[in-house]
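> Numbering of the sequence shown is given in our numbering, commencing with residue 254 and proceeding in unit increments. Got a structure here, written out as structure tokens. Questions coming.
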Amino acid sequence: MAQKIVTIYTDDITGKESEEAATHTLVVDGVGYEIDLGPDSYDKLLEAIAPFTKAGRRIKGGRIKAAPKVTDGRANTAAVRAWAKEKGYDINDRGRVPAEIREAYDKTH
């Protein structure tokens, strides 16, 4: 028996199939998003964010990780600690992350 696997690339904005669609990653306030866009939609995205990217400062290295890895439905403890410190929570560098902090993290992500 032979099988044929067909991959269809679809623009997430237009819903149209496109062989040129590609996955793009956006990071806003430390939260990563992935979106599949064809060339026209990607151009519209770049045009829409151009005023912000022109006024903004590039991050050293030019690229950052999109989103923390999630294992068993829970975010990486290091990512939760970093977020908590950034938000002003008093959290130890080691040990269990308090439930209050993890819940606050989960609500924002």
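The C-beta atom is built at its ideal place from N, Cα and C for all residues, glycine as well.
Between T361, G348 and E287, which lies nearest to D264 when the distance is taken from Cα to Cα?
If we check each option's Cα against that of D264, E287 comes out closest.
> Excluding five sequence neighbours on each side, which residues of the same chain lie with their C-beta closer than 7 Å to the C-beta of E272?
So the qualifying residues of the chain are Y262.
> Could you check what DSSP says for D289 in three-state terms: helix, strand or coil?
Here D289 sits in strand by DSSP.
> When the Cα of V280 is compared with those of E353, Y342 and I302, which residue comes out closest?
Per the Cα distances, I302.
> Look at the Cβ atom of A274, then the Cβ atom of D296, and state whether they are nearer than 8 Å.
The answer is no: Cβ separation not under 8 Å.
> Nearest-angstrom Cα distance between T276 and I344?
Cα to Cα, the separation comes out at about 36 Å.
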